Amino acid sequence: MMCMARRRSKWRRTTAIVKKMMQEARKARAYESLRQCPVCGNPHSLSIDVNEDKVSGRKSAFIRCASCGFEYTMDSLPPIADVFWVYSKLLDNIHGASIQSRPVHEGVTEGAKEEVGEEGEELNIEIEKYSE
Numbered sequence: 007m008m009c010m011a012r013r014r015s016k017w018r019r020t021t022a023i024v025k026k027m028m029q030e031a032r033k034a035r036a037y038e039s040l041r042q043c044p045v046c047g048n049p050h051s052l053s054i055d056v057n058e059d060k061v062s063g064r065k066s067a068f069i070r071c072a073s074c075g076f077e078y079t080m081d082s083l084p085p086i087a088d089v090f091w092v093y094s095k096l097l098d099n100i101h102g103a104s105i106q107s108r109p110v111h112e113g114v115t116e117g118a119k120e121e122v123g124e125e126g127e128e129l130n131i132e133i134e135k136y137s138e
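Under this note's numbering, the first residue of the sequence shown is numbered 7, with each subsequent residue one higher.
(1) Return helix, strand or coil for Arg-70, following the three-state DSSP convention.
(2) Please return the same chain residues whose Cβ sits closer than 8 Å to the Cβ of Val-92, not counting the five positions on each side in sequence.
(3) Among the candidates Val-89, Asp-98, Met-28 and Phe-76, whose CA atom is the shortest distance from the CA of Gly-6?
(4) So what does DSSP say about Ser-62, is it helix, strand or coil?
(5) Run the CB neighbour count on Arg-19, radius 10 Å, all protein chains shown included, and call it buried at 16 or more, exposed below.
(6) How about Ile-71 and Ser-51: do their beta carbons lie closer than 8 Å?
(7) Identify whether Val-45 lies in helix, strand or coil by the three-state DSSP scheme.
(8) With a CB to CB cut of under 8 Å and the five nearest residues on each side skipped, what residues in its chain are close to Pro-85?
(9) In this structure, does DSSP put Glu-112 in helix, strand or coil?
(10) Have a look at Leu-96 and Ser-73 and give me their C-alpha separation to the nearest angstrom.
(11) What are the boundary residues of the beta strand (DSSP E) that Ser-82 is part of?
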């Protein structure tokens, strides 16, 4: 007597593909939530925009926190720079004490501006407090 192998249905294959897609979607969502503002610690208010000039191929990034008003600009980024690369460099700069605070001028009451030169680059940071 011959035994025939059991056929697998197409439905089983489809569910495996859908499960894999759902796992990838969950990973992306968890990865996004890891970006929190290094100043105020809010996990949902930091936005990072990476712009690439089509002609010269240079990249620049603009980082802004919606809750505390933290702003940071990076120019002349390497071609491999993406959102997560920019975020890691931002953390390195802030926690590595390469951004030094200067005393606030008496005329400025609601915000503070800093300018620090690093390897020939000029970094502009503005921090503003918003009253609720």
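For each residue, glycine too, the CB sits at the ideal point set by N, CA and C.
Since this is a predicted model, take the numbers as computed values, not measurements.
This is what the structure gives:
(1) strand
(2) Ile-54, Val-56, Ala-67, Ile-69, Met-80 and Leu-83
(3) For residue 6 there is no data in the structure shown, the boundaries of the chain being 7 and 138.
(4) coil
(5) exposed
(6) Reading the sequence as shown, one finds Cys at residue 71 and not Ile. Their beta carbons are under 8 Å apart, which means Cys-71 touches Ser-51 by this criterion.
(7) coil
(8) Gly-63 and Lys-65
(9) Any reading at Glu-112 is ruled out, since the residue's pLDDT is 42, under 50, leaving its predicted position unreliable.
(10) 17 Å
(11) 77-83
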